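Student: In my numbering, the protein residues as written are 136 to 739. Idealized CB from N, CA, C, for every residue including glycine. Just so you know, these numbers come straight off a predicted model, no measurement behind them.
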Amino acid sequence: MTSAAPPGPVATERIRNFSIISHVDHGKSTLSDRILELTGAVDPRLMREQFLDSMDLERERGITIKAQNVRVRYRDYVLHLIDTPGHVDFGYEVSRSLAACEGAVLLVDASQGIQAQTLANCYQAMEHNLEIVAVLNKIDLPAADPERCAAEIEQVLGIPREEVLRISAKTGEGVEALLDAVVARIPPPVGDPEAALRALIFDSAYDQYRGVVSSVRVVDGTIRAGERLLFMQAGGVYEAEELGVRTPEARPVEALGPGEVGYLIAGIKDVGSARSGETVTSAQRPATEALPGYRDPKPMVFCGLYPMDGDRLPELRDALDRLKLNDASFTYEPESSHALGFGFRCGFLGLLHMEIVRERLEREFDLSLVATAPSVAYRVWLTDGTALDIDNPTDLPDQSRIERIEEPMLAATILTPAEHTGTVMELCQRRRGELQKMEYLSPERVELAYRIPLAEVVVDFFDQLKSRTKGYASLDYEPAGYEAANLVRVEILINHVPVDAFSTIVHRSQAEAYGRRMAERLRQMIPRQLFDVPIQAAIGGRIIARETVKAKRKDVLAKCYGGDVTRKRKLLERQKEGKKRMKSIGRVEVPQEAFISALRMDEG
Numbered sequence: 136m137t138s139a140a141p142p143g144p145v146a147t148e149r150i151r152n153f154s155i156i157s158h159v160d161h162g163k164s165t166l167s168d169r170i171l172e173l174t175g176a177v178d179p180r181l182m183r184e185q186f187l188d189s190m191d192l193e194r195e196r197g198i199t200i201k202a203q204n205v206r207v208r209y210r211d212y213v214l215h216l217i218d219t220p221g222h223v224d225f226g227y228e229v230s231r232s233l234a235a236c237e238g239a240v241l242l243v244d245a246s247q248g249i250q251a252q253t254l255a256n257c258y259q260a261m262e263h264n265l266e267i268v269a270v271l272n273k274i275d276l277p278a279a280d281p282e283r284c285a286a287e288i289e290q291v292l293g294i295p296r297e298e299v300l301r302i303s304a305k306t307g308e309g310v311e312a313l314l315d316a317v318v319a320r321i322p323p324p325v326g327d328p329e330a331a332l333r334a335l336i337f338d339s340a341y342d343q344y345r346g347v348v349s350s351v352r353v354v355d356g357t358i359r360a361g362e363r364l365l366f367m368q369a370g371g372v373y374e375a376e377e378l379g380v381r382t383p384e385a386r387p388v389e390a391l392g393p394g395e396v397g398y399l400i401a402g403i404k405d406v407g408s409a410r411s412g413e414t415v416t417s418a419q420r421p422a423t424e425a426l427p428g429y430r431d432p433k434p435m436v437f438c439g440l441y442p443m444d445g446d447r448l449p450e451l452r453d454a455l456d457r458l459k460l461n462d463a464s465f466t467y468e469p470e471s472s473h474a475l476g477f478g479f480r481c482g483f484l485g486l487l488h489m490e491i492v493r494e495r496l497e498r499e500f501d502l503s504l505v506a507t508a509p510s511v512a513y514r515v516w517l518t519d520g521t522a523l524d525i526d527n528p529t530d531l532p533d534q535s536r537i538e539r540i541e542e543p544m545l546a547a548t549i550l551t552p553a554e555h556t557g558t559v560m561e562l563c564q565r566r567r568g569e570l571q572k573m574e575y576l577s578p579e580r581v582e583l584a585y586r587i588p589l590a591e592v593v594v595d596f597f598d599q600l601k602s603r604t605k606g607y608a609s610l611d612y613e614p615a616g617y618e619a620a621n622l623v624r625v626e627i628l629i630n631h632v633p634v635d636a637f638s639t640i641v642h643r644s645q646a647e648a649y650g651r652r653m654a655e656r657l658r659q660m661i662p663r664q665l666f667d668v669p670i671q672a673a674i675g676g677r678i679i680a681r682e683t684v685k686a687k688r689k690d691v692l693a694k695c696y697g698g699d700v701t702r703k704r705k706l707l708e709r710q711k712e713g714k715k716r717m718k719s720i721g722r723v724e725v726p727q728e729a730f731i732s733a734l735r736m737d738e739g
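1) Does the Cβ-Cβ distance between E376 and I400 come in under 8 angstroms?
2) Which partner residues does V325 have in the DSSP bridge list?
3) Measuring only the C-alpha atoms, how far is N152 from V641?
4) Looking only at DSSP bridge pairs, what is H215 linked to?
5) Does the distance from the CB of A269 to the CB of V317 come in under 8 angstroms?
6) Could you pull the DSSP bridge partners for E626 from this structure?
7) I'd like to confirm the pairing. Which residues does DSSP put opposite L391 in its beta bridges?
8) Hey, is the stretch 278-286 in contact with the stretch 246-255, meaning 3+ C-beta pairs nearer than 8 angstroms?
9) Do E542 and L622 have their C-beta atoms closer together than 8 angstroms?
10) Considering only DSSP beta bridges, list what D338 is partnered with.
11) Rounded to whole angstroms, what's the CA-CA distance from S138 to A234? Just pull it up for me.
12) Assess, as a yes-or-no matter, whether the stretch 677-686 is touched by the stretch 643-655 under the definition of 3 or more beta carbon pairs within less than 8 angstroms.
13) If we count the other Cβ atoms within 10 Å of its Cβ and call it buried at 16 or more, is C695 buried or exposed?
14) Between which residues of its own chain and H473 is the CB-CB distance below 6 angstroms, once the five residues before and five after are set aside?
15) Who are the Cβ neighbours of R651 in its own chain at under 6 angstroms, not counting the five residues just before and after it?
16) Would you tell me roughly how many angstroms separate the C-alpha atoms of E374 and A409, rounded to the nearest one?
17) With distances taken between CB atoms, is the gap from L475 to Y513 smaller than 8 angstroms?
18) Note down, one range per segment and in chain order, each beta strand (DSSP E) of at least 3 residues found wholly within the stretch 427-467.
19) Can you tell me whether DSSP reads G482 as helix, strand or coil?
20) Taking the straight line between their C-alpha atoms, what separation do you get for E148 and G439?
21) Count Cβ pairs between the stretch 386-400 and the stretch 344-352 that sit closer than 8 angstroms; are there 3 or more?
22) Helix, strand or coil for L610, going by three-state DSSP, please let me know.
23) If we count Cβ pairs, one from each stretch, closer than 8 angstroms, do we get three or more for the stretch 514-532 versus the stretch 545-554?
24) Rounded to whole angstroms, what is the Cα-Cα separation between A418 and G371?
25) For E237 versus L216, is the C-beta spacing smaller than 8 angstroms?
26) Would you say L421 and L378 are within 8 angstroms of each other, going by their C-beta atoms?
27) Tell me where the beta strand (DSSP E) around I640 begins and ends.
28) State buried or exposed for F477, treating a residue as buried only when at least 16 other CB atoms are found within 10 Å of its CB.
29) DSSP three-state call for P142: helix, strand or coil?
30) Quick one: residues in its chain with C-beta nearer than 7 angstroms to the C-beta of D524, no 5 flanking neighbours on either side, listed in chain order?
31) Less than 8 angstroms between C-beta atoms, sequence neighbours within five positions excluded: which residues of the same chain meet that for R283?
32) Excluding the five sequence neighbours on either side, which residues of its own chain have a C-beta within less than 7 angstroms of the C-beta of D737, listed in chain order?
33) Please return the same chain residues whose Cβ sits closer than 7 angstroms to the Cβ of T306, not counting the five positions on each side in sequence.
34) DSSP state of F743, grouped into three classes?
35) Alpha carbon to alpha carbon, how far is I155 from A506? Give it in angstroms, no decimals.
36) Would I540 be called buried (16 or more neighbouring beta carbons within 10 Å of its own) or exposed?
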């Protein structure tokens with residue numbers, strides 16, 4: 136049962152909008168749970184861990200994937216809290232959330248100190264001119280060292296150590312003092328209630344029965360239920376069927392005023408009409424200027440997604456449309472492959488993002504998918520002076536037309552305990568990284584800055600980094616332009632026919648190893664035929680690796696007993712002719728399992 140709608144909008148001086156930001160696993164979701172408990176927003180009988188993480192996938196992995204917003208009452212104030220993801224792949228979610236706030240609670244683990252994502256998220260908050268409340272969490276742990284971490288925060292971020300709060304989100308210690316600090320330090324929103332309505336959509340999701348449900352932040356004016364609204368970028372006019380706030384249950388309200396955050400349902404069935412960054416205004420009295428919205432994020436990792444059953448292609452297209460509404464940071468366009476049929480070329484912000492999107496498509500839309508090997512977008516300069524951006528290895532032009540190939544680079548920041556510095560540097564050098572800077576944050580912790588090719592990071596760099604440092608190192612990266620490199624396309628040929636799904640662009644020094652590994656893996660996967668099947672890896676016309684699937688041998692002499700040897704020879708010659716003819720017209724069917732297994736990233 137829904138509680139009665141509160142009367143009218145809240146006065147702006149009583150509102151505080153803030154995000155909780157930190158490195159992954161520093162306790163954001165746990166702190167959100169304690170705030171919900173402390174403010175009485177959730178019935179104690181219904182309380183559970185990670186309350187705001189609504190996806191099964193988030194609960195299984197113990198990470199936040201989608202930013203979630205909730206409105207709670209604390210004393211005489213209304214607090215709008217946004218719980219954000221911590222992983223580097225979901226930095227776009229964080230930047231969108233910060234645009235809907237006036238302040239940020241920066242959470243730091245008191246046993247681990249500042250990590251790479253702590254810095255990245257803090258700088259993002261500073262770019263948005265937000266008031267930052269620094270907090271040390273997990274002070275109840277035996278390994279916690281709040282004095283050292285507070286000194287580190289002062290040295291690295293310039294926040295005075297005496298202003299750094301100390302809490303335990305698990306036990307609830309210090310959480311009330313944190314809310315008092317939020318009310319005292321974070322400024323109320325600024326907005327004119329009499330001005331023309333301008334509200335920013337910062338997230339959307341698709342509901343099967345109600346259409347698009349948008350999360351909105353009102354900047355100017357007041358939005359009322361039943362009002363006709365103009366979506367400025369898309370140009371559509373819709374009626375506000377329901378306005379509400381999440382407390383955390385959806386609770387309808389009559390109106391939302393300046394500075395308030397809530398949700399809007401306007402019966403929109405076309406997912407393209409209410410994308411993130413859209414400005415909503417009144418159709419009767421429209422605003423003259425739209426809000427700035429968001430920069431579209433640039434995808435960094437690409438792969439092909441194909442349905443196992445080709446007939447389900449329209450379902451995959453619908454699923455991608457709806458997921459795009461909820462996660463604006465991935466892109467897709469149709470493509471076809473000789474081996475896998477019709478599918479979509481998708482762009483992601485990173486490898487974890489790619490895994491999550493694929494898993495969400497399979498779970499939420501009941502699809503079975505094959506993903507090709509991940510690749511990055513290269514810039515190819517042709518001999519005629521033109522440049523092409525290529526994210527699919529099969530689109531690479533003929534070698535004779537190419538002047539040079541440039542690969543995307545990253546500026547990577549690695550924070551590691553001092554005793555692991557050598558092994559981290561060795562890993563980065565093996566991945567063609569170039570050391571830019573090395574700085575000791577304290578006697579025990581080192582910050583390394585590297586310029587490293589994106590292609591070397593997307594596959595298993597993060598896993599290697601974690602395993603070499605016993606899980607203590609952290610990584611943050613951002614794009615750093617393009618650089619020319621000695622790159623080649625390795626093609627895989629099965630029975631002399633190129634298979635486009637397996638071709639990839641790699642550095643020349645690694646081409647042979649990739650070719651050998653792929654040929655060996657396919658040899659184990661492809662079933663034997665009645666003729667030898669060669670599996671070759673080639674660069675241009677040069678074969679660099681070869682394996683052979685040996686032929687099955689049918690015993691044609693089984694029924695031939697006694698008689699002259701010429702009878703046996705005649706049967707063997709006929710078999711030989713038959714095999715030769717079969718080989719010339721024989722096409723090898725590569726089973727689906729072979730594709731899935733050969734393209735499995737975790738085995739790479």
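Tutor: For this structure:
1) By one-based count along the sequence shown, residue 376 stands at place 241. By one-based count along the sequence shown, residue 400 stands at place 265. Between E376 and I400, the C-beta spacing is below 8 angstroms.
2) As a position in the sequence shown, residue 325 is number 190, starting the count at 1. Per DSSP, none; premise fails for V325.
3) Position 17 of the sequence shown, counting from 1, holds the residue named residue 152. Position 506 of the sequence shown, counting from 1, holds the residue named residue 641. When rounded, the distance between both Cα atoms is 47 angstroms.
4) Counting from 1 along the sequence shown, the entry for residue 215 is found at position 80. According to DSSP, H215 bridges with N152 and R206.
5) The count along the sequence shown starts at 1 and reaches residue 269 at position 134. The count along the sequence shown starts at 1 and reaches residue 317 at position 182. It is not a contact, given that the beta carbons lie outside the stated cut-off.
6) In the sequence shown, counting from the first residue as 1, residue 626 sits at position 491. The partner list for E626 (beta bridge, DSSP) reads A673.
7) On the sequence shown, position 256 is the one that residue 391 refers to. DSSP lists I358 as partners of L391.
8) Because the criterion of three Cβ pairs below 8 angstroms is met, the stretch 278-286 and the stretch 246-255 touch.
9) Stepping through the sequence shown from its first residue, residue 542 is reached at position 407. Stepping through the sequence shown from its first residue, residue 622 is reached at position 487. Yes, the pair counts as a contact, with Cβ atoms nearer than the cut-off.
10) As a position in the sequence shown, residue 338 is number 203, starting the count at 1. Checking the DSSP bridge columns, you'll see D338 partnered with S350.
11) Counting from one through the sequence shown, the residue named residue 138 turns up at place 3. Counting from one through the sequence shown, the residue named residue 234 turns up at place 99. Note that S138 has pLDDT 37, beneath the 50 cutoff, so the model's placement of it is unreliable and no number is given.
12) Because the criterion of three Cβ pairs below 8 angstroms is met, the stretch 643-655 and the stretch 677-686 touch.
13) Position 560 of the sequence shown, counting from 1, holds the residue named residue 695. Looking at its Cβ environment, which holds fewer than 16 other Cβ atoms inside 10 Å, C695 is exposed.
14) Reading the sequence shown from its first residue, position 338 is the one you call residue 473. Only D635 meet the Cβ criterion.
15) To locate residue 651, count along the sequence shown from 1; it is residue 516. Only A680 meet the Cβ criterion.
16) One-based indexing of the sequence shown puts residue 374 at position 239. One-based indexing of the sequence shown puts residue 409 at position 274. The alpha-carbon atoms of E374 and A409 are separated by roughly 13 angstroms.
17) Here residue 475 is taken as the residue at index 340 of the sequence shown, counted from 1. Here residue 513 is taken as the residue at index 378 of the sequence shown, counted from 1. Against a cut-off of 8 angstroms, the Cβ pair of Y513 and L475 comes out as no contact.
18) Within the stretch 427-467, the complete beta strand (DSSP E) runs of at least 3 residues are 436-442.
19) The count along the sequence shown starts at 1 and reaches residue 482 at position 347. In the structure shown, G482 falls within a strand segment according to DSSP collapsed to helix, strand and coil.
20) Within the sequence shown, the letter at position 13 stands for residue 148. Within the sequence shown, the letter at position 304 stands for residue 439. Distance between the alpha carbons of E148 and G439: 50 angstroms.
21) yes
22) Indexing the sequence shown from 1 puts residue 610 at position 475. Reduced to three states, the DSSP call for L610 is strand.
23) no
24) Within the sequence shown, residue 418 is the residue found at index 283, counting from 1. Within the sequence shown, residue 371 is the residue found at index 236, counting from 1. So the two alpha carbons sit approximately 10 angstroms from each other.
25) In the sequence shown, residue 237 corresponds to position 102, counting from 1. In the sequence shown, residue 216 corresponds to position 81, counting from 1. No. Outside cutoff.
26) Numbered from 1 along the sequence shown, position 286 holds the residue referred to as residue 421. Numbered from 1 along the sequence shown, position 243 holds the residue referred to as residue 378. Just to set this straight, residue 421 is Pro in the shown sequence, not Leu. Cβ atoms of P421 and L378: not closer than 8 angstroms.
27) Within the sequence shown, the letter at position 505 stands for residue 640. Taken as a continuous stretch (DSSP letters only), the beta strand (DSSP E) holding I640 covers T639 to H642.
28) What you label residue 477 is simply residue 342 of the sequence shown in a count that begins at 1. Answer is exposed; the Cβ neighbour count stays below 16.
29) Here the question's residue 142 lines up with position 7 in the sequence shown. Bear in mind that a pLDDT of 47 at P142, under 50, signals an unreliable position, so the number given afterwards is only what the model happens to contain. If DSSP states are grouped into helix, strand and coil, P142 belongs with coil.
30) Residue mapping note: residue 524 aligns to position 389 of the sequence shown, counting from 1. Contacts found: A512 and R514.
31) Within the sequence shown, numbered from 1, the residue matching residue 283 stands at position 148. Closer than 8 angstroms at Cβ, skipping near neighbours: G248 and S577.
32) In the sequence shown, the residue the question calls residue 737 occupies position 602. Reliability of the predicted coordinates at D737 is poor, the pLDDT of 36 falling under 50, and no value is obtained from them.
33) Translated into the one-based positions of the sequence shown, residue 306 becomes position 171. Once the five neighbours on either side are set aside, the close Cβ partners of T306 are D275.
34) Not covered by the structure: residue 743. The range shown for the chain is 136 to 739.
35) As a first step, residue 506 must be located in the sequence shown, where it is residue number 371. As a first step, residue 155 must be located in the sequence shown, where it is residue number 20. Whole-angstrom Cα-Cα distance: 34 angstroms.
36) Here residue 540 corresponds to residue number 405 of the sequence shown, with the count starting at 1. So I540 counts as buried.
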